[in-house]
Amino acid sequence: MTDLTESALILARQKVFGLEKHERTRERFKELAQGAATLLSAAGSVSVDEVTRRLEAEFDVWVPQPIVVSDPGGHVAWLKDRRQDIEFAYWNRYAEWLKKDWKPSTVEALDEATDQILELLEDPARSGIWKTYGMVYGQVQSGKTASYTGLICKAADAGYQVIVVLTSQHESLRHQTQARLDKEFLGFNSKLSRNPDADSSVIIGVGTLGMKKPTICQPVTTQVSDFTAAQFQGTPVNINEVSILVVAKKNARILGNLKDWLGNFCTEGEDPRSIKNIPLLLIDDEADYASVDTKRPKKGSSQSDPDHDPTAINKAIRGLLDQFDKRAYIAYTATPFANIFIPDKTNHPTHGEDLFPKNFLVALEPPSNYCGPEVVFGLEDPSAAEIREPLPITRPVDDHEYWLPDSHKKGYRPGKQLPPSLIEALDAFVLGTAVRRVRARDHDVGGGHNTMLVHVTRWTDVQGEIARQIEDHLQGMSADWGDYGKAGRELRERLLTLWEDDFSPTHDEIVGRDDVSALAGPPTTWADVEYFIPLILDEASSNVKRINGTAADVLEYQSTTPVTVVAVGGDKLSRGLTLEGLTVSYYLRASKTYDTLLQMGRWFGYRSGYLDVTRLYTTTELVNYYVHITRANRELMDLTAAVSRARQTPKHVGLRVLDGQGNLQVTAATKMRSSQVMTVSLSASRAETLVMRTDTDAQAQNYSRLERLIEEIEPASPVPQDKLEGAGRGFFRQDVPPQAVIDFLEGFYVSPRVLTANPENLVPYIKNQVAKGELLRWTVAITGGASTIPLKKLGVPLVKRRTITHSRVLDGECEVGVLVSPAHEAIGLTSDKVTEAFNLTVQDFLDSGKGREPKRASGESLRKLRDPSEGLLLIYPIDPISSDIEVSDSNVPIVGYAVVFPHSEKAKKVRYRVNQVFLDSLRKAIEEDAEGDE
267 MTDLTESALI LARQKVFGLE KHERTRERFK ELAQGAATLL SAAGSVSVDE
317 VTRRLEAEFD VWVPQPIVVS DPGGHVAWLK DRRQDIEFAY WNRYAEWLKK
367 DWKPSTVEAL DEATDQILEL LEDPARSGIW KTYGMVYGQV QSGKTASYTG
417 LICKAADAGY QVIVVLTSQH ESLRHQTQAR LDKEFLGFNS KLSRNPDADS
467 SVIIGVGTLG MKKPTICQPV TTQVSDFTAA QFQGTPVNIN EVSILVVAKK
517 NARILGNLKD WLGNFCTEGE DPRSIKNIPL LLIDDEADYA SVDTKRPKKG
567 SSQSDPDHDP TAINKAIRGL LDQFDKRAYI AYTATPFANI FIPDKTNHPT
617 HGEDLFPKNF LVALEPPSNY CGPEVVFGLE DPSAAEIREP LPITRPVDDH
667 EYWLPDSHKK GYRPGKQLPP SLIEALDAFV LGTAVRRVRA RDHDVGGGHN
717 TMLVHVTRWT DVQGEIARQI EDHLQGMSAD WGDYGKAGRE LRERLLTLWE
767 DDFSPTHDEI VGRDDVSALA GPPTTWADVE YFIPLILDEA SSNVKRINGT
817 AADVLEYQST TPVTVVAVGG DKLSRGLTLE GLTVSYYLRA SKTYDTLLQM
867 GRWFGYRSGY LDVTRLYTTT ELVNYYVHIT RANRELMDLT AAVSRARQTP
917 KHVGLRVLDG QGNLQVTAAT KMRSSQVMTV SLSASRAETL VMRTDTDAQA
967 QNYSRLERLI EEIEPASPVP QDKLEGAGRG FFRQDVPPQA VIDFLEGFYV
1017 SPRVLTANPE NLVPYIKNQV AKGELLRWTV AITGGASTIP LKKLGVPLVK
1067 RRTITHSRVL DGECEVGVLV SPAHEAIGLT SDKVTEAFNL TVQDFLDSGK
1117 GREPKRASGE SLRKLRDPSE GLLLIYPIDP ISSDIEVSDS NVPIVGYAVV
1167 FPHSEKAKKV RYRVNQVFLD SLRKAIEEDA EGDE
């Protein structure tokens, strides 16, 4: 029976691969299962329900289509014609290897995406001189390494002979990247041998699958050695005869040595000397770090001026590329802001072209099982029917100053007593690891390595002292656990309290949510968890690692036995380094550099079977900065999609950023070091106050303006019921004159962090459009919510919103992940218009390969169909009590608003000035920390 079920599953699975992604529904799975069962009926009965269930489990993850922006000029399409002649031996091994842990749909999506990227490169067999500059970007920890590994496999199969991968400036990351490519590309351990045919014992990873061996690719670097020219003196490595792989740090000296060694293969007697007919693929990982030329040219000159001297690593990369007459440079990054503003026309007489991705940009949307910052912080989900709340897994840290002040310097000695928040984080790591052990034992889910990350300082000597304190603390816990006196009893009570007050309710809340319930594991009992605690304490106390440039510790996850490790570090952990099974993260990093925000991204990723036990301990300020970056990344992804639809080229992305939305513009400004004066287009946009002031004056003033607005619009016509589908309770008026909206906005107190939705921007735009015969009538909605407290005068229940940090907010402000309820942008539109917008949204989802139908019309589609003469003002009176917002008068609501503008052909861009204090503080948060750990 089992064999028949497996046979039926194989038959049905092949049919599924032939379906369009939007056709992969339960009903179709059942049809295919029935068909397979019928074919095998002569051999016995097959459970159609079981095959259907297995198909659903395998194909429950969907991956959107990549967004591609390209400049076809000079490119010759080639892959379709050559495909049948290429034996994809490297790729076939890698795909088979991934199937051990990946769902079939995600392997299929990677195959399609890497095909698209490969096609954007030139055919390695193409004659003549050619060069490609591209960039691939996506969410942090979402699978970019898998993308470039797949691309390397296919490029090697197609004939790219020299493959260079540049990592960060730290050997630990270079080692990890080399080890991964050894396992997933080469198939043998470069640390032991460069020739797997000479010693079969070095075979690892894809090499153990027994599949056909591809043409050998010689590793020039190994897991224990970056490139050094000396090791190749007298060694017969000839790139004319064998393909090579180089995994090198971004170090100007190392890259210079590599260039000098490759110079041995340049054609003699030509000026300039170059390597002929040997195609190069250079992958620049974390390409916004160190690769971009950040030197400003002299006043009145440009980066093409002969006197301009680029930064050392940028210059080294360009020099390496210029040696090859056939070359492809592909930047990979999660934060492409710096790269899209590289001057696109630089042509230095000595250093040649800069690294602007002039030929293509590819934006990778993450799979549906990816748990990223938009999910964690509860930012808007365009496909959801309900508001997405922040996950209940962030914990605020505000008790560290006595232990480690934000202003500490090198040589500082932390206080002897760990702060309570760090003690709780360590407790949470012990409990979370124990839960994962129980689930792995009893349910075969949520197992694997377990890592806790502690990142609180850039100074390596301070990191060392903190690691010692944590080691002592864990050893003390381990000893106390075996003590059945007072110390042991107090420890057990402390952990049990955390279990009952935190872990149990958090598990229940996540399991109860439709969007993430599949990522939580099955429930566990305290008795089962308690059984594993002494073993985990023993493992963790002996495995506290110092991960920085001066320590000898390295993170090794090679063992099949789960590793339990606490990693203490700084910059070395922040870029690209994979922390397997990362369960608890503790961040302070007072300097708030861009590396810190990226390091927070080490936490995001795939947490199937244990999302409910993950925890993020950090400061509210760092969360706010990260939310800003996340929103800017989302806006950039949306903008890239718009450029793609318009069939424009990569240089237009940077140009459109300057006309884009607030988060995106300001983030870009910090990278460009530009003026704080910006322009924004409000046509077909929604401007909302996601950050709201909570100080006494603002609270009273804004509520007063709301009361006056109610008095002014009460005589206006109610919105008909057929234009309120899904709106819920509220006070709705139509045909409101624009002056009433202007009166409400003028004088409204907003946070300096509110950019586009600042009344100083909105009011001039409204007045300009009114003068052009648009926005002459308004629909105003004062929305009701889930609070038990009514809004005075109207009796409408106040709105409940959860703040991003899931805690009380400070500094006179609160920030929410989502303000606007999904159905509210349709208020005032007829049902026919809403249906038309929904159909547009469905088509957009199908075109982008999002794999599931949306549950509502998108705001973008609704704004396209709203009449240019009509605006929409949405007002959200938020209950501070049920929303857990600290205010001086809890009887007065916090007022937030969103202004929805229809598409306009007459729209004039609004110029505005960003608050300089905010711009300066944001620049500190997102600029690169070139010095790293010290």
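Residue numbers (the working numbering): 267 to 1200. All C-beta atoms in this analysis are idealised placements derived from N, C-alpha and C, irrespective of residue type, glycine included. Predicted model only: the values in this text are computed from it and were never measured.
In this structure A496 is exposed. Its beta-carbon is surrounded by fewer than 16 other beta-carbon atoms within 10 angstroms.
From the listed residues T443, L657, R446, F603, the smallest Cα separation to A898 is found for F603. The alpha-carbon separation between V334 and G730 amounts to approximately 45 Å. Excluding residues up to 5 positions away in sequence, A355 lie with their Cβ nearer than 6 Å to the Cβ of K478 in the same chain. DSSP places K410 inside the alpha helix (DSSP H), whose first and last residues are 410 to 424. For S983, the pairing in a beta bridge is given by DSSP as Q1000.
Using a Cβ distance threshold of 7 Å, F643 and I1070 count as a contacting pair.
In the three-state scheme derived from DSSP, where H, G and I count as helix and E and B as strand, G920 is classed as helix. For M903, the enclosing alpha helix (DSSP H) has its first and last residue at 886 to 911.
Annotation: the continuous beta strand (DSSP E) that includes A1047 extends over 1043 to 1049.
In summary, H709 is exposed, with fewer than 16 beta-carbon neighbours lying within 10 Å of its beta-carbon over all protein chains present. Looking only at T960, A1037, G1162, the smallest Cα-Cα distance to G1078 is reached by T960.
One thing to note: S807 has its Cβ within 7 Å of the Cβ of S744. Sixteen is the threshold: when 16 or more other Cβ atoms of the shown chains lie within 10 Å of the Cβ of F493, as they do, the residue is buried. For F626, the uninterrupted beta strand (DSSP E) run begins and ends at 626 to 630, by DSSP.
Here Y750 is exposed. Its C-beta has fewer than 16 other C-beta atoms within 10 Å. Collapsing the DSSP output to three states places P480 in coil. Considering only R702, H721, R724, the residue with the shortest C-alpha distance to G714 is R702. Assigned with DSSP and collapsed to three states, A706 falls in helix.
One Cα belongs to A375, the other to Y797, and the distance between them is close to 41 Å. DSSP links Y1163 through a beta bridge to I1141. Nearest to A308 by alpha-carbon distance, out of L270, E322, F295, is L270. Assignment of N358 by DSSP, reduced to helix, strand and coil, places it in the helix class.
Below 8 Å, too few C-beta pairs join the stretch 610 to 628 and the stretch 887 to 896 to call them touching: fewer than three. Here R705 is buried: its Cβ has 16 or more other Cβ atoms, across all protein chains shown, within 10 Å. Taking a 10 Å sphere around the C-beta of N504, we find fewer than 16 other C-beta atoms and assign the residue as exposed. Under the Cβ criterion (8 Å, minimum of three pairs), the stretch 321 to 341 counts as touching the stretch 629 to 637. For the set S408, T601, C532, the Cα lying nearest the Cα of K592 is the one of C532. CA-CA distance, Q569 to P916, rounds to 19 Å. Excluding the 5 residues flanking it on each side, A424 has same chain C-beta neighbours closer than 6 Å at I352, P390, in chain order. Restricted to the stretch 715 to 756, the beta strand (DSSP E) segments that are unbroken, complete and at least 3 residues in length are 716 to 721, listed in chain order. DSSP places A597 in the strand class (E or B) of the three-state scheme.
In the structure shown, the three-state DSSP call for T1101 is helix. In the three-state reduction of the DSSP assignment, I352 falls in the coil class, being assigned neither a helical nor a strand state. The secondary-structure analysis by DSSP pairs K811 across a beta bridge with A833. Excluding its 5 nearest sequence neighbours in each direction, K1066 has C-beta neighbours in its own chain below 8 Å: G1051, A1052, S1053, I1144, D1145, S1148, S1149, listed in chain order.
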